[in-house]
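A.B. asks: One structure coming up, written as C-alpha cells, with questions to follow.
Protein chains: 2
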Amino acid sequence: MRWWGWGTDDAAGVLPPAALPLLREELGVGGEVRGPVALDEVALAPVALGEPVLDRLRALAGVRTDRQARVLHAAGKGYVDLVRLRAGRPDGAPDAVVTPADPDGVAAVLALCAAERLAVVPFGGGTSVVGGLTPVREGFGGVVSLDLASLDALLRVDERSGTATVQAGVQGPELERLLGARGHTLGHFPQSFEYVSIGGCVATRSAGQASTGMGRIDALVTGLRCATPSGAWDLAARPASAAGPDLRELLMGSEGTLGVITEATLRVRPVPASDRYEAWMVPSFAAGVEALRELEQAGAAPDVARLSDADETRFSLALSGATDGTKGDLLGRYLGARGVEGGCLVVVGWLGDPDAISRRRERAGAALRRAGGAGLGAAAGRSWEHGRYHGPYLRDHLLDHGVMAETLETATTWENAFALHAAVADALRGALQARGTPALVGCHVSHLYPTGASLYFTVVAAAAPPGAEIEQWLAAKQAASDAIVAAGGTITHHHAVGTVHRQHVEPDLGGPVGVAMLRSVKAAVDPTGVLNPGKLLP
Amino acid sequence: MRWWGWGTDDAAGVLPPAALPLLREELGVGGEVRGPVALDEVALAPVALGEPVLDRLRALAGVRTDRQARVLHAAGKGYVDLVRLRAGRPDGAPDAVVTPADPDGVAAVLALCAAERLAVVPFGGGTSVVGGLTPVREGFGGVVSLDLASLDALLRVDERSGTATVQAGVQGPELERLLGARGHTLGHFPQSFEYVSIGGCVATRSAGQASTGMGRIDALVTGLRCATPSGAWDLAARPASAAGPDLRELLMGSEGTLGVITEATLRVRPVPASDRYEAWMVPSFAAGVEALRELEQAGAAPDVARLSDADETRFSLALSGATDGTKGDLLGRYLGARGVEGGCLVVVGWLGDPDAISRRRERAGAALRRAGGAGLGAAAGRSWEHGRYHGPYLRDHLLDHGVMAETLETATTWENAFALHAAVADALRGALQARGTPALVGCHVSHLYPTGASLYFTVVAAAAPPGAEIEQWLAAKQAASDAIVAAGGTITHHHAVGTVHRQHVEPDLGGPVGVAMLRSVKAAVDPTGVLNPGKLLP
C-alpha cells in the first residue's frame, strides 16, 4: 500500500480523460498538480518509547520503528488522512509497529501495553476512512500500532454447517483464494476489498457491494474470538440463541475499543457457478427507489443493486465518455427512443446458477420496466464490475489535481429515504457553496433491506488552498452529519464511527443511557483505556 | 389466565384418551389425581409495603394487592412454577401488581422503585418457563410486579417501510388482529402465542413456529424504546448501521434486567393469501436432518419445518391414536408399503400466495423423497396446526395425573447437532432412571438456520411424591444443562435465561470477560439493582 494513498503504483491506472475538463468547467478546478512530499521529507517525531520497552515488545512480537512502517501505520485512507500524509504530516505517528505471530502474542502485547499505558491502535488492512487509525497520544506513554498481518490463516472449514473459521488479519483476496480452493466464498466485497482484513470488517461492521444478496458482515459472523486486557473473550459459533444479549453484536462495531478480534467464524457459501451484471436507466430516483423497494420487500432483490441519483448518473456517464450530457449523444438518443427522460442509472447483479439467475433477472427486469426503465445491457454492467474497486485510485488522481473528493453514507427507512437524500445533498452543497467552492454531490442507493436502504454520497469540489483543505472538508462534513442526525439517518451505514463520527453517534446508541452503557463496558474490559483511544465513544 | 396453570378452563380440552394407558404402561404412572389447591388455601405472605409507598405508587399507576393478582403474578409457567403454585406456595409473591397507563408511568414507577429499593419484575404475558418472573426479595424492601397490560396500542404502521410500532404490552392475538385490520402480520407464533406480550418476546429473544421462514423476533425488531432508572433509552428504527455496537442486541434478551421495553418497531409483512401444512415420514432422524439442512442452505426451506426424532414420533402418533406402534396398524402398513421403516415425523408449512407455495412444496417434497420420506398428506399437517398451541394445556392435564412434564431447548451447528442430540437425551434419561423414574424423552428440530438448527426436548416421567417433584426435575435439568454446555450447545435457543439457566450461561456470554461486561452495563443503568434481580446474570 502506498503510504500517501491507495494501493500500488502498478494498479493505479490513469484519470479518465473527461474528468479534468468536466471539473474545470463545472467547479473551476485549476490545473496545478499537488503531489505528495517525498517519504524522507515527512515530518516524523522521534520514537517516544525507550529501548527497554521496545525490547520487551520484541520478545513478544515483530517490532518495526522505521520511517516507512511508522508513516504507513499513522493514518487510514479518508480525505483528511490523505491530505495530512501527502503534506508530510503523519500527526502522532505510532512509535512502533508491532506484529504478533499468533493470538497469544496479541494477548501478551495487550497486557504489556495496558501495564505500561501505551495506546494500542489495531491495524488490519489500514483502510479506515473515518479516522479509525488516528493515533491518540494524550494521556499515554506512547502509541503502538498492532498489525495483525501475521494472523492470516484459514483455520477450519465446517462443510456441513457452511462456516469457515479464519484468523482476523487475513485480507480480502487471500481469504477468497483460500476459501475458493475449498469451493466456498464469503461473498464480502467492499470497495476496499483488495486490502481489508476480515477482523477490520467485523470490527467496523462493513458491508460489501453484494451485501444486498449475501448479507452484511454482521449477518455472516457466527462466532468470534477476541483478546482483551482482561483476558480472552471467546464467543463460540452458534446459529441462534436466547441466552441473554448477543454479545457478538457488542464486539462487532467496537472498532478495537473493547478488544482485538483474533478469529472469526463466518457463514460461507458455495462459489457461484456464474454471475451477471447489467445496467438500466430509470426516469427518476423516486421511480428507481420504488422498484428496488418492491423487489426487496418481495424477497426478489438482485444480489447487487445500486441506483444512482440524477447527479451521480450525469457525472458517471460523463466520466465514462458514454455521453456528453446532451440529448444528441448516442445514449441520449437510445433512451429518448424508449421514452426515458432525464435518467438515473441502475446497476444490478446476480450470483448463482444460470437458471436461477435467469428467473431472478426476469423478475427484476419486470419491476424496472414497470418503473419506466430501459435496459442498457450487460456490457454496461460488466463495466461497473471491472471498475468496482477503482474508486480509491480515482480519488488519489483527483487529489493530485487539486480536487477535494470524499464520500459519506447513511441509511434510513424507505419512508424517510427521500427526505434524508435531499437534506444531506443540500447540506453538502450549501456548506461548500458558502465557502466559495461549489460542489458536485451525487448519491446512490447501494444496500437494500426489507425496511430501508443505504444512501452513499460522493462529494467533489475544487480543493481549498494548501493548508486550508482540511478545514474546508470538515465544514462540509459537519453540515452533512448535522443533516443526517436531524433527518433521522444513522450516522454511518458501513464506514464505522472512528474519530470522525463520534460527536454524532449518540442518537445511534439510543441517547445518553446507551453512551453510559458503552462507557461502562469499556471501563470493565479496558480499565487503563489503552484500546484504540479516541474512537467510537463521544 | 388460570393462576395455577395455562389459559382458561373453557379452552383446556381434555387429555387424549390414549395418554394415561401409555404412561401407565411405559412409565408406571399411577392413577392418583393431584389437583391444585383452592385459591384461598394458597399461603400468601402479608404485603410488605406500607400504605405510604402504596399511595405513592397509586399516584403513578393502577395498583392491586388482592390475592388473585398477587398469586397470578408470582410465577411463570415452567414445571417448577406450576408445582409450587398448585401446592399453594407462590414463594415471594409480589406485594403489589402495578399497572402504569403509559410509558411515562413506567418510567415514574421505575424511579420510585429505584429510590425505595423495591425489586421490579416486569410482567407481559406471564408465560416465562425459565423463572423469568420469580420474585427475588433478598436485599430489597419489597417486590413490585410491573404489569404492562395497559400499554397495548398499535401506534403506527409505516406501509412503505413495512414496519409497525407497537406498545410492549400488547399480546399475540390482539397484535395480529390490529395488524390484520391493516393487511399485515408479524408472523410470530410461539407455542405461547395466545398470551405472550410483544415486549416479553423481545426481552427474551423468542422464536415462533414459523420463524424458519419469518425470522426470530430479534430479526424482526428494527427499533426499541425502553424505560430505565437512568432515563429513557430510545433506539430509533433503522434498517442497518455501522455506528458502533448494535445496542438493540444488548436490550433484546436482557429480560428486564437493563430496562423495561415500552415500545417496539417491527418488520411486518402482508397477510399471506394462503397457507399449507403437511406431514411426512422419513426413515431416520439423520435422514430428516440432512434433508432440512439441504433445503435451508439452498434458501428453499419451508416457513414451518419440524422434524421429530423416533421417540417423539412414536409418542405423538400413539397419543393421537394414529398408530398402536405396531406394523399392523394403518399408518404402519401405509409406510411399510412405501419402504419407510421406523420413521420420524416431519411437519412442513408454507405461507404465501398459492403459486409460490406450490413451487416451494415441490422443492421440499423432492428433498424429502430423496431422504427416503413418504408424504402423509395435508390432513396430518392441519392436525399439527390445530394443536399448535395445545401443549401447555396438555401439560396441566398431565400434572393433574401425577406426571412430570417439561421441555427444554438448545441450538448448535449442523455439524454438532447429532452429538448434542444424543448427549442431552442420554443425560435426561440417565438422571431420571437413576432416581427410579424412567423417562420418555423426545426431541424435534424446530428452527432452521443456514449454519445450524435448534433441538427441542420434551421429557415425561412419573412425578416424584408430593414435595419431592421439584428436586426430581432439577436433577434432570442439571444433567441436561451440563450436557448442553459440554457438547457446545447454547443453553437456550428461545426460552431465555431467567433464574433457571443463569448458572450455565457464562459460555454463551463468551466467558468471564463477557459476564463482567454485562455486569458493568447493569451497574451503569440500574445502580440500585432493582430491575428484575436474580435473572440472567450468573
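Residue numbers (my numbering), protein chains in the order written: chain W, 20 to 557; chain A, 20 to 557. For glycine and all other residues, C-beta sits at the position ideal for the given N, C-alpha and C.
By the 10 Å Cβ neighbour count, where 16 or more other Cβ atoms means buried, how is W:G455 classified, buried or exposed?
C.D. replies: Exposed, since its Cβ has fewer than 16 Cβ neighbours within 10 Å.
A.B. asks: Does any CB atom of chain W fall closer than 8 Å to the CB of A:D348?
C.D. replies: False, the Cβ-Cβ gap to chain W never drops below 8 Å.
A.B. asks: Could you name the residues of the segment 519-538 of chain A whose beta carbon sits closer than 8 Å to any beta carbon of chain W, in the order they occur along the chain?
C.D. replies: Here the close residues are H520, V524, P526, D527, L528, G529, G530, P531, V532, G533, A535, M536, L537, R538.
A.B. asks: Note down, in chain order, each residue of its chain lying with its Cβ closer than 7 Å to the Cβ of W:P571, except the 5 sequence neighbours on either side.
C.D. replies: Outside the displayed span of chain W (20 to 557) sits residue 571 of chain W, for which this structure offers no information.
A.B. asks: Going by the DSSP bridge assignment, what does A:P526 pair with across the sheet?
C.D. replies: Answer is none; A:P526 lacks a bridge partner.
A.B. asks: By DSSP, does W:F334 sit in helix, in strand, or in coil?
C.D. replies: Reduced to three states, the DSSP call for W:F334 is helix.
A.B. asks: Determine the chain W residues that contact A:R179 at a beta-carbon separation under 8 Å, and present them in chain order.
C.D. replies: Simply R312, T432, W433, E434.
A.B. asks: Given a threshold of 16 other Cβ atoms within 10 Å of its Cβ, counted over all protein chains shown, does W:P192 qualify as buried or as exposed?
C.D. replies: With fewer than 16 other Cβ atoms within 10 Å, it is exposed.
A.B. asks: Using DSSP with H/G/I as helix, E/B as strand and the rest coil, what is W:Y475?
C.D. replies: Note: W:Y475 maps to strand in three-state DSSP.
A.B. asks: Tell me which residues share the same chain as W:D527 and place their Cβ nearer than 7 Å to its Cβ, disregarding the 5 neighbours each side in the sequence.
C.D. replies: Result list for W:D527: T509, I510, in chain order.
A.B. asks: Is the CB of A:H207 under 8 Å away from at least one CB in chain W?
C.D. replies: False, the Cβ-Cβ gap to chain W never drops below 8 Å.
A.B. asks: If distances are taken between C-alpha atoms only, which option among W:V99, W:L42, W:P40 comes closest to W:G24?
C.D. replies: With distances taken between Cα atoms, W:G24 lies closest to W:V99.
A.B. asks: To be precise: take each residue of the segment 467-486 of chain W, compare its Cβ to all Cβ atoms of chain A, and keep it if any distance is under 9 Å. Which residues remain?
C.D. replies: The residues in question are L467, Y468, P469, T470, G471, A472, S473.
A.B. asks: Determine which residues share a DSSP beta bridge with A:C245 and list them.
C.D. replies: A:C245 is bridged to A:W252, A:I280.
A.B. asks: Given a cut-off of 8 Å, decide if W:V479 and W:L129 are closer than it, judged by their beta-carbon atoms.
C.D. replies: In this structure, W:V479 does not lie closer than 8 Å to W:L129 by Cβ.
A.B. asks: If the criterion is Cβ atoms closer than 8 Å, does the pair W:N95 and W:T27 meet it?
C.D. replies: For the record, residue 95 of chain W in the displayed sequence is Gly; it is not Asn. No, the Cβ-Cβ distance between W:G95 and W:T27 is not below 8 Å.
A.B. asks: Report back the beta-carbon spacing between A:Q190 and A:S230 to the nearest angstrom; my notes put them in contact at under 8 Å.
C.D. replies: Between A:S230 and A:Q190 the Cβ distance is about 18 Å, and since that is not below 8 Å, they are no contact.
A.B. asks: Check whether the Cβ atoms of A:P55 and A:R103 sit closer than 8 Å, and answer yes or no.
C.D. replies: Contact: no.
A.B. asks: Select from the segment 257-274 of chain A all residues with a C-beta closer than 9 Å to any C-beta belonging to chain W, and list them in chain order.
C.D. replies: Per Cβ criterion, the list reads R257, P258, A259, S260, A261, A262, G263, P264, D265, L266, R267, E268, L269, L270, M271, G272, S273, E274.
A.B. asks: Where does the unbroken beta strand (DSSP E) through W:W299 begin, and where does it stop?
C.D. replies: Per DSSP, W:W299 belongs to the beta strand (DSSP E) from 293-301.
A.B. asks: Please report the straight-line C-alpha distance between W:Q210 and W:G533, rounded to a whole angstrom.
C.D. replies: Each residue's Cα considered, the two are about 31 Å apart.
A.B. asks: Should A:A430 and A:G151 be called a contact, given that it needs their Cβ atoms to be closer than 8 Å?
C.D. replies: The answer is no: Cβ separation not under 8 Å.
A.B. asks: Inspect the CB distances between the segment 171-182 of chain A and the segment 126-143 of chain A and report whether three or more fall short of 8 Å.
C.D. replies: The segment 171-182 of chain A vs the segment 126-143 of chain A: no contact.
A.B. asks: Nearest-angstrom Cα distance between A:A505 and A:F437?
C.D. replies: Computed Cα separation, rounded: 14 Å.
A.B. asks: Measure the C-alpha to C-alpha separation of W:A310 and W:V301 and round it to an integer number of angstroms.
C.D. replies: Those two C-alpha atoms are separated by around 9 Å.
A.B. asks: Which residues in the same chain have their Cβ closer than 7 Å to the Cβ of A:R108, if we skip the five residues on either side of it in sequence?
C.D. replies: Once the five neighbours on either side are set aside, the close Cβ partners of A:R108 are A62.
A.B. asks: Does any residue of chain W bring its CB to less than 8 Å from the CB of A:V540?
C.D. replies: Answer yes: the Cβ-Cβ gap between A:V540 and chain W drops below 8 Å somewhere.
A.B. asks: Who pairs with W:F142 in a beta bridge, going by DSSP?
C.D. replies: Its beta-bridge partners are W:D166.
A.B. asks: DSSP three-state label for W:P289, please.
C.D. replies: Of the three classes helix, strand and coil, the one that applies to W:P289 here is strand, per DSSP.
A.B. asks: For the segment 359-366 of chain W against the segment 260-279 of chain W, do three or more pairs of beta-carbon atoms, one drawn from each stretch, fall closer than 8 Å, so that the two count as touching?
C.D. replies: Cβ pair count under 8 Å is below three, so no.
A.B. asks: With a cut-off of 8 Å on the beta carbons, I'd call A:A393 and A:L354 a contact; round off their distance for me.
C.D. replies: At roughly 6 Å, the Cβ-Cβ gap stays under 8 Å, so A:A393 and A:L354 are in contact.
A.B. asks: Considering A:R325, what are the terminal residues of the beta strand (DSSP E) in which it resides?
C.D. replies: Unbroken beta strand (DSSP E) run through A:R325: 323-327.
A.B. asks: Find the residues of chain W that neighbour A:I510, judging by a C-beta separation of less than 7 Å, and give them in chain order.
C.D. replies: Result: A262.
A.B. asks: Can you confirm whether the segment 482-496 of chain A touches the segment 444-452 of chain A when touching is taken to mean that 3 or more C-beta pairs between the two stretches lie within less than 8 Å?
C.D. replies: Touching, yes, given that three or more Cβ pairs across the two stretches are closer than 8 Å.
A.B. asks: W:R380 and W:R295: beta carbons closer than 8 Å?
C.D. replies: A contact, by the Cβ cut-off of 8 Å.
A.B. asks: Alpha carbon to alpha carbon, what distance is there between A:V367 and W:S335?
C.D. replies: Between W:S335 and A:V367, the C-alpha separation is close to 49 Å.
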